[in-house]
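I have placed the structure first, in the form of structure tokens, so that the comments after it can refer back to it.
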Amino acid sequence: MFKDILESVAAKTPLVHSITNYVTVNDCANILLACGAAPIMADDENEVEEITSLCNALVINIGTLNVRTIDSMIKAGKRAALLAHPVVLDPVGAGASKLRTDTAFRLLKEIKFSVIRGNISEIKTIAQGTGSTKGVEADVSDAITEGNLETALAFIKNLSARTGAIIAVTGAIDIVADSRKAYVIRNGHPLMSKITGSGCMLTEVVAAYCAADPDSLLEATAAAVCAMGLCGELAYGKLLEVGGGTSTYRTLLIDFMSKLNSEMLSEGMKIESR
Amino acid sequence: MFKDILESVAAKTPLVHSITNYVTVNDCANILLACGAAPIMADDENEVEEITSLCNALVINIGTLNVRTIDSMIKAGKRAALLAHPVVLDPVGAGASKLRTDTAFRLLKEIKFSVIRGNISEIKTIAQGTGSTKGVEADVSDAITEGNLETALAFIKNLSARTGAIIAVTGAIDIVADSRKAYVIRNGHPLMSKITGSGCMLTEVVAAYCAADPDSLLEATAAAVCAMGLCGELAYGKLLEVGGGTSTYRTLLIDFMSKLNSEMLSEGMKIESR
Amino acid sequence: MFKDILESVAAKTPLVHSITNYVTVNDCANILLACGAAPIMADDENEVEEITSLCNALVINIGTLNVRTIDSMIKAGKRAALLAHPVVLDPVGAGASKLRTDTAFRLLKEIKFSVIRGNISEIKTIAQGTGSTKGVEADVSDAITEGNLETALAFIKNLSARTGAIIAVTGAIDIVADSRKAYVIRNGHPLMSKITGSGCMLTEVVAAYCAADPDSLLEATAAAVCAMGLCGELAYGKLLEVGGGTSTYRTLLIDFMSKLNSEMLSEGMKIESR
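Residue numbers (the numbering used here), protein chains in the order written: chain A, 1 to 274; chain B, 275 to 548; chain C, 549 to 822.
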């Protein structure tokens, strides 16, 4: 099943429209190409509906948010949802400022997201905007560990039920869940946090995989999380061999995404169903 | 002749002003430095005329177009043309949205471009804004092949005659033409399409070469197209040797531009006059 | 002393807020991570005060300046200064347009900067906005050389006295000075000028080091300048070994920042107190 998703991306070359931040946008475009998809970035209110209509998926990423593009996000999101395109939210920095938190809440209210991908802090902020009681999130600390995994799974499934979106929380342990089923993923490498854009790039790969297999969004999202984490592991192994620092690591990470095939993914994914 | 252009860039270090997209702008700045030129990016309406006056060439690239910078493009373009600087248009995504198509047409109407560089789809869109009959373009499919080369050459020469600009169409086969003369170029490698920015970077190199040799715009443009394609070939050869994926390929592509000299270009260029 | 600063960055992981240009922003984020700090980029007027309050230092960089973010710069700068965060100005292109020059002057008038880092041309422009007599700057040519070093030192100490900021002028010879004391630094490599972002990245490292050691801003700034220059030298040495061009050099430069430790810095820094 996971294997099919990778082959489906290669066969379909999904076109992904991204309204994203200017820090990691180049990496986002390159990781889309590396994973077999194709990028279009466009954020002007006057063209986003047309552009997203030409595409197969939409990413909305609120890093370097500015008020000029919020309406663009809303318009593109509504149009993409109407066309039944997968729409993926990356609520970068939600909780860090009122603007980002309010915008995340507004986006959630006005757009039907297919997937929301963030770190645990961002996802907890999202939860506060969807009417959840404080009690649930309070039990999930700032990192998902083996110790709080059960609580985290319950929280995330509950959030998925309330939002109708697949929730992907990434960190040392990753969780991808809908309201009924969850995948716990243990791929990845700590060095991924020493380059900018690991999270943003993953969000793009999620969109690409979902666009290639829109009938299995949960599995497509889980496969993307495994794929990115596995590339992080393979890149680290190669880095030990060739030497170098964090910039070489970034290059290797994207390199492995461009070389990843179904066999590599099947062998390397560390996933369990919960 | 082509050899002289490369040496002229090295001798003059032309300063290129770019109003461009935020996806590939870092690559654009680095390829300018790599080819012996120097970059300035500035897009605020309040400074573009001053900035472009300090420079030797201007690039206008409409990727990630936003309405805030359209007037900046017009002002900079008019000023640069007035100063007889080469002005190069990269109509990224023309045809993909009304905003981009209309903006491309407005730019063509208000600015005297020296060179227009795009893929065949963008160039066909440009042609529609210059009063051409539909019939001509209809005969040129979405790719230039050996089979439709003659038709394509006629179309491109005709477009050059109508716009007064050198037209550079890039793809598997590249054509660079003015109204009377065309060059057919067969440098390049398919992997160039698996990284973002190959086209944008080429447009910058075109501007640098034209700034270095403003009296031979057709040959300067053709030399830039050959140079970029040759770097793509050399990078591919090196990639086979060192291993790696698309991100390593991007690094190698810019590396070769920084190492390219007249001898390498003379030996590697695959160009014929038509 | 310089050794302690590096260890302090590693221990504290300072969070640096940057309002910067879209050309080199990705490099800026990656060099912060590489040197042991962490980046946040945010430029919307509605969130900059909140964001900078969460951080330990602020960078204001006027490359690709646009009028939309000038008020954001002012707001963030005032808030950061109020919180006694180090605030670092990179006056990119000051002198190249009225917008940039006027904005640099306005920033200097409204914000108490801890450090101003630029090339000699930008720093001379800054000096004109602070009431200095023309005579002083006229004696400092467009490059600091052994021949005009004494004059340059006097000019820079004087500028520091007038602005209350540490002044860091970088070029073939670097000077870091307050009103009483100066460091002359001879680290670095000419190839650093063949990639975009060397200066912008240095400014980020200055902010990171100052945030880690806010009681020794002069030494923290000097250490950052040495560190960046040393990485440029080490990267060049490695480039000779592995081959490659300017893009590989950029990768190696960031790589070395991620590998730099106190011993390497102590052994490699070429600094004298004046």
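Idealized CB from N, CA, C, for every residue including glycine.
task = Taking residue 436 of chain B as the reference, give the member of B:383, B:472 and B:462 with the closest Cα.
result = B:383
Do you know how far the Cα of residue 154 of chain A is from the Cα of residue 741 of chain C? Approximately 53 angstroms, taken between the alpha carbons.
inquiry  = Taking beta-carbon pairs under 7 angstroms, can you tell me which members of the region 577-602 of chain C lie near chain A?
reply    = 577, 578, 581, 582, 587, 589, 590, 591, 592, 594, 595, 598, 599 and 602
Between the C-alpha atoms of residue 819 of chain C and residue 732 of chain C, what's the straight-line distance to the nearest angstrom?
6 angstroms
Do you know how far the Cα of residue 463 of chain B is from the Cα of residue 222 of chain A? Roughly 34 angstroms between the two C-alpha positions.
| query | Which word fits residue 315 of chain B, buried or exposed, when buried means at least 16 other C-beta atoms lie within 10 angstroms of its C-beta? | reply | buried
**Message:** Excluding the 5 residues flanking residue 629 of chain C on each side, which residues of the same chain have their C-beta closer than 7 angstroms to its C-beta?
**Reply:** 635, 659 and 660
Problem set entry | chain B residues whose Cβ lies nearer than 7 angstroms to that of residue 277 of chain A | The requested residue 277 of chain A is not part of the displayed model; chain A covers only 1 to 274.
Please check the pair residue 92 of chain A and residue 61 of chain A, which I expect to be a contact at CB under 8 angstroms, by giving their CB distance rounded to whole angstroms.
-> So it is a contact: roughly 6 angstroms between Cβ atoms.
*By how many angstroms is the C-alpha of residue 761 of chain C removed from the C-alpha of residue 583 of chain C?*
Between residue 583 of chain C and residue 761 of chain C, the C-alpha separation is close to 14 angstroms.
Note to self: Would the region 590-598 of chain C count as touching the region 788-798 of chain C if we require 3 or more Cβ pairs under 8 angstroms?
What the structure shows: no
- How is residue 574 of chain C classed by DSSP in three states: helix, strand or coil? helix
| field | Same chain only: Cβ atoms within 8 angstroms of residue 287 of chain B, ignoring 5 sequence neighbours per side | value | 310, 311 and 312
Show which residues of chain B have a CB atom less than 8 angstroms away from the CB atom of residue 751 of chain C.
Near residue 751 of chain C there are no residues of chain B at all, since even the closest Cβ is about 16 angstroms away, more than 8 angstroms.
Close Cβ partners of residue 239 of chain A (< 7 angstroms) along its chain, the five nearest in sequence each way excluded
248, 249 and 252
| said: Just to check my reading of the structure: residue 440 of chain B and residue 504 of chain B have Cβ atoms closer than 8 angstroms, yes? What is that Cβ distance to the nearest angstrom? | reply: That belief does not hold up - the Cβ atoms of residue 440 of chain B and residue 504 of chain B are roughly 20 angstroms apart, past 8 angstroms.
Anticipated Cβ contact below 8 angstroms, residue 59 of chain A with residue 20 of chain A, distance rounded = 6 angstroms
Task: Anticipated Cβ contact below 8 angstroms, residue 668 of chain C with residue 717 of chain C, distance rounded - done: 5 angstroms
Item to complete: From the DSSP output, read off the bridge partner residues of residue 451 of chain B.
Response: B:441 and B:456
Under 9 angstroms from the C-beta of residue 236 of chain A: neighbouring residues of chain C
Per Cβ cutoff of 9 angstroms: no residues; residue 236 of chain A is ~13 angstroms from chain C at best.
| message | I'd like the span of the alpha helix (DSSP H) that includes residue 206 of chain A, first residue to last. | response | 198-212
**Request:** Can you tell me the Cβ-Cβ gap for residue 474 of chain B and residue 301 of chain B, rounded? I've got them flagged as a contact below 8 angstroms.
**Result:** 7 angstroms
**Message:** If I follow the unbroken beta strand (DSSP E) through residue 392 of chain B, where does it start and stop?
**Reply:** 389-392
* Would you check if the distance between the CB atom of residue 297 of chain B and the CB atom of residue 29 of chain A is smaller than 8 angstroms? => yes
Next item on the list: Please name the residues in the region 350-380 of chain B whose beta-carbon is closer than 8 angstroms to at least one beta-carbon of chain A, in chain order.
Entry: Here the close residues are 367, 370, 371, 372, 373 and 374.
Under the three-state DSSP convention, the category residue 604 of chain C falls into
coil
Checklist entry - Going along the region 186-198 of chain A in order, which residues come within less than 9 angstroms of chain C, judged by CB to CB distance? => result 193, 194, 195, 196 and 197
Just the Cα atoms here: how many angstroms apart are residue 600 of chain C and residue 624 of chain C? 6 angstroms
Segment limits, beta strand (DSSP E) that includes residue 644 of chain C: Careful: residue 644 of chain C lies outside any beta strand (DSSP E) and carries neither H nor E.
Practice problem: Quick one: measure Cβ to Cβ for residue 284 of chain A and residue 32 of chain A, integer angstroms, because I've assumed they're closer than 8 angstroms. | Solution: There is no way to answer for residue 284 of chain A, as the model of chain A reaches only from 1 to 274.
Let me check you understand the geometry: is the CB of residue 710 of chain C closer than 7 angstroms to at least one non-hydrogen atom of the ligand SAH? Summarising the ligand content, the structure contains no ligands, and the ligand SAH is consequently not present.
Within its chain, find whatever has a CB closer than 6 angstroms to the CB of residue 637 of chain C; leave out the 5 residues flanking it on each side and keep chain order.
Excluding residues within five positions, the ones whose Cβ falls inside 6 angstroms are 608, 661 and 664.
Worksheet item: For the candidate residues B:542, B:528 and B:455, whose alpha-carbon lies nearest to that of residue 744 of chain C?
Response: B:528
In the DSSP assignment, what are the bridge partners of residue 566 of chain C?
According to DSSP, residue 566 of chain C bridges with C:589 and C:607.
Chain-ordered chain A contacts of residue 495 of chain B [CB-CB under 7 angstroms]: Here the premise fails: no neighbours, minimum Cβ distance about 26 angstroms.
With 8 angstroms set as the bound, which would you pick, yes or no: does the beta-carbon of residue 557 of chain C sit closer than that to a beta-carbon of chain A? no
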